[in-house]
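Worksheet for the structure shown next.
Numbering (this note's numbering), first residue to last: 21 to 342.
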């Protein structure tokens with residue numbers, strides 16, 4: 021595929037509408053977030069009216085009361101201190117928590133700084149993070165997360181207040197605004213696997229964890245870490261991709277941009293097209309296999325999609341696993 025660089029916008033080309041996002045952009049999404057509903061823990065990515073319920077045995081439960089032991093009660097729930105004090109067996113009763121922490125991992129690495137449609141992947145990822153953060157806050161859930169680039173990361177533990185969402189939004193703007201094709205990422209200090217390890221350290225059992233990335237760095241370490249996270253939390257993977265990454269456009273000459281300069285690419289080499297699309301299919305299959313091994317639903321979102329529409333469709337309608 022040959023490239024032709026130009027400082028001028030070529031005739032007939034369309035500029036990317038959103039190469040960067042601002043805090044104001046992400047703040048406005050709080051209105052759209054009211055159209056979303058957090059997925060049910062019991063039924064995965066599926067609508068459920070009312071409060072969330074945990075599907076994890078021994079987790080997502082809160083203490084209700086102590087009463088006299090009755091036949092059929094779980095002996096593991098006997099309160100031995102009360103039993104000793106009152107000289108008769110007593111058992112603890114629990115009910116499921118009415119909220120759970122929502123933890124969001126957002127990829128703002130250089131691989132996200134690409135787009136051929138309405139927006140760059142980095143912008144879509146930031147918008148999805150903001151939408152999920154606002155939606156979780158509206159439903160009374162604790163919200164926290166990690167925003168990471170190739171060189172650093174920002175983390176905030178889940179809390180049930182607006183400050184946690186504002187902290188994430190500020191980090192999203194900051195990390196997004198510094199993305200540039202000129203960044204030196206030859207030796208990245210941070211990547212998806214390290215971010216997932218941080219999520220495992222910070223998040224609590226029973227959390228709902230959203231992972232928003234293009235998953236281009238996925239490998240066997242990703243598989244292991246996702247599997248470990250899935251033991252105690254519910255995971256939802258949201259892959260942000262550009263259509264060109266999966267399938268080249270018809271043979272011809274096309275403009276691409278890094279948000280500043282314009283480059284022209286040729287896609288008429290048949291051998292290159294076969295090799296390119298074969299590699300893309302292999303990468304997609306790897307991502308799906310990794311998610312499947314951790315029983316993690318996968319929502320795919322392209323740079324030409326409306327994030328609100330795709331998230332609503334994914335949460336309400338999707339039953340399949342990736």
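Ideal Cβ positions, reconstructed from N, Cα and C, are used throughout, including at glycine. Everything numeric in this text was worked out from a predicted model, so none of it was measured.
(request) My understanding is that residue 320 touches residue 236, with C-beta atoms under 8 Å, so please give their C-beta distance in whole angstroms. (result) Residue 320 sits at position 300 when you count from the first residue of the chain shown. Residue 236 sits at position 216 when you count from the first residue of the chain shown. Not a contact, Cβ separation roughly 14 Å.
(request) Quick one: grab the DSSP three-state call for residue 46. (result) Looking up residue 46 in the chain shown gives position 26. In this structure, residue 46 counts as helix in the three-state DSSP scheme.
(request) Report the option in 93, 44, 195 whose CA atom is closest to the CA atom of residue 171. (result) As a working mapping, residue 171 is identified with position 151 in the chain shown. Among 93, 44, 195, the Cα nearest to that of residue 171 is on 195.
(request) List the endpoints of the continuous beta strand (DSSP E) containing residue 255. (result) The residue given as residue 255 occupies position 235 in the chain shown. Counting along the chain, the beta strand (DSSP E) containing residue 255 begins and ends at 254-261.
(message) Using 8 Å for Cβ pairs, my map puts residue 234 next to residue 322. What's the rounded Cβ distance?
(response) Residue mapping note: residue 234 aligns to position 214 of the chain shown, counting from 1. Residue mapping note: residue 322 aligns to position 302 of the chain shown, counting from 1. Not really, about 11 Å apart at Cβ, beyond 8 Å.
(message) Using 7 Å as the threshold, is the C-beta distance between residue 47 and residue 193 below it?
(response) As a working note, residue 47 is residue 27 in the chain shown. As a working note, residue 193 is residue 173 in the chain shown. Cβ atoms of residue 47 and residue 193: not closer than 7 Å.
(request) Taking 8 Å as the threshold, find out whether the region 123-130 comes into contact with the region 155-172 through three or more Cβ pairs. (result) yes
(request) Would you mind sorting residue 251 into buried or exposed? The rule is 16 or more other CB atoms within 10 Å of its CB. (result) Here the question's residue 251 lines up with position 231 in the chain shown. Its Cβ having fewer than 16 others within 10 Å, residue 251 is exposed.
(message) Can you confirm whether the region 221-234 touches the region 143-151 when touching is taken to mean that 3 or more C-beta pairs between the two stretches lie within less than 8 Å?
(response) yes
(request) Rounded to whole angstroms, what's the CA-CA distance from residue 325 to residue 332? Just pull it up for me. (result) Position 305 of the chain shown, counting from 1, holds the residue named residue 325. Position 312 of the chain shown, counting from 1, holds the residue named residue 332. One C-alpha to the other measures close to 12 Å.
(request) Quickly, what does DSSP pair residue 139 with across the bridge? List them, please. (result) Counting from one through the chain shown, the residue named residue 139 turns up at place 119. Answer is 38, bridged to residue 139.
(request) Could you have a look at residue 313 and say whether DSSP puts it in helix, strand or coil? (result) Translated into the one-based positions of the chain shown, residue 313 becomes position 293. Residue 313 falls in the helix class under three-state DSSP.
(message) Along the chain, where does the alpha helix (DSSP H) containing residue 174 start, and where does it finish?
(response) Taking the chain shown and counting its residues from 1, one reaches residue 174 at position 154. No alpha helix (DSSP H) holds residue 174; the beta strand (DSSP E) holding it covers 173-179.
(message) Which same chain residues end up closer than 7 Å to residue 175 when comparing Cβ atoms and leaving out the 5 residues on each side of it in sequence?
(response) Counting from 1 along the chain shown, the entry for residue 175 is found at position 155. Taken in chain order, the residues that qualify are 166, 218, 222.
(request) Locate the beta strand (DSSP E) running through residue 286, then write down its first and last residues. (result) Counted from its first residue, the chain shown places residue 286 at position 266. 282-286 is the extent of the beta strand (DSSP E) around residue 286.
(request) Counting only runs of 3+ residues fully inside the region 121-167, write out the beta strand (DSSP E) ranges in chain order. (result) 122-127
(request) Measure how close the beta-carbons of residue 268 and residue 287 come, nearest whole angstrom, since I'm counting them as under 8 Å. (result) Residue mapping note: residue 268 aligns to position 248 of the chain shown, counting from 1. Residue mapping note: residue 287 aligns to position 267 of the chain shown, counting from 1. Correct: roughly 5 Å between the Cβ atoms.
(message) Rounded to whole angstroms, what is the Cα-Cα separation between residue 158 and residue 89?
(response) Counted from its first residue, the chain shown places residue 158 at position 138. Counted from its first residue, the chain shown places residue 89 at position 69. Distance between the alpha carbons of residue 158 and residue 89 is about 39 Å.
(request) Please look up how many angstroms separate the CB atoms of residue 41 and residue 143, rounded, as I've assumed it's under 8 Å. (result) The count along the chain shown starts at 1 and reaches residue 41 at position 21. The count along the chain shown starts at 1 and reaches residue 143 at position 123. With 8 Å as the limit, residue 41 and residue 143 qualify as a contact, their Cβ atoms being about 5 Å apart.
(message) Counting C-beta neighbours from all protein chains within 10 Å, is the total for residue 200 16 or more, i.e. buried, or is it exposed?
(response) Stepping through the chain shown from its first residue, residue 200 is reached at position 180. Residue 200 comes out exposed.
(message) Counting C-beta neighbours from all protein chains within 10 Å, is the total for residue 153 16 or more, i.e. buried, or is it exposed?
(response) For the purposes of this step, residue 153 is identified with residue 133 of the chain shown, where counting begins at 1. Label assigned to residue 153: buried.
(request) Out of 256, 329, 100, point me to the one whose CA is closest to residue 310's CA. (result) In the chain shown, residue 310 corresponds to position 290, counting from 1. Here the closest residue by C-alpha is 256.
(request) Identify which residue in 296, 301, 249, 298 has its Cα closest to the Cα of residue 314. (result) Residue 314 sits at position 294 when you count from the first residue of the chain shown. Of the candidates 296, 301, 249, 298, the one whose C-alpha sits nearest the C-alpha of residue 314 is 249.
(message) Quick check: is the beta carbon of residue 135 nearer than 7 Å to any beta carbon in chain C?
(response) Protein chains in the displayed structure number just one, and chain C is not present.
(request) Measure the CB-CB distance between residue 274 and residue 282 and report whether it falls below 7 Å. (result) For the purposes of this step, residue 274 is identified with residue 254 of the chain shown, where counting begins at 1. For the purposes of this step, residue 282 is identified with residue 262 of the chain shown, where counting begins at 1. It is not a contact, given that the beta carbons lie outside the stated cut-off.
(request) Run the proximity test for residue 275: is its beta-carbon closer than 6 Å to any non-hydrogen atom belonging to the ligand SAM? (result) With respect to small molecules bound, the structure shown includes none, and the ligand SAM cannot be examined in it.
(message) Rounded to the nearest angstrom, what separates residue 138 and residue 327 at their Cα positions?
(response) Along the chain shown, one-based indexing puts residue 138 at 118. Along the chain shown, one-based indexing puts residue 327 at 307. A direct Cα-Cα distance of roughly 12 Å separates residue 138 from residue 327.
(request) Drop a sphere of 10 angstroms on the beta-carbon of residue 111, count the other beta-carbons inside from all chains shown, and report buried for 16 or more, exposed for fewer. (result) Position 91 of the chain shown, counted from the first residue, corresponds to residue 111. Residue 111 is buried by the Cβ-count criterion.
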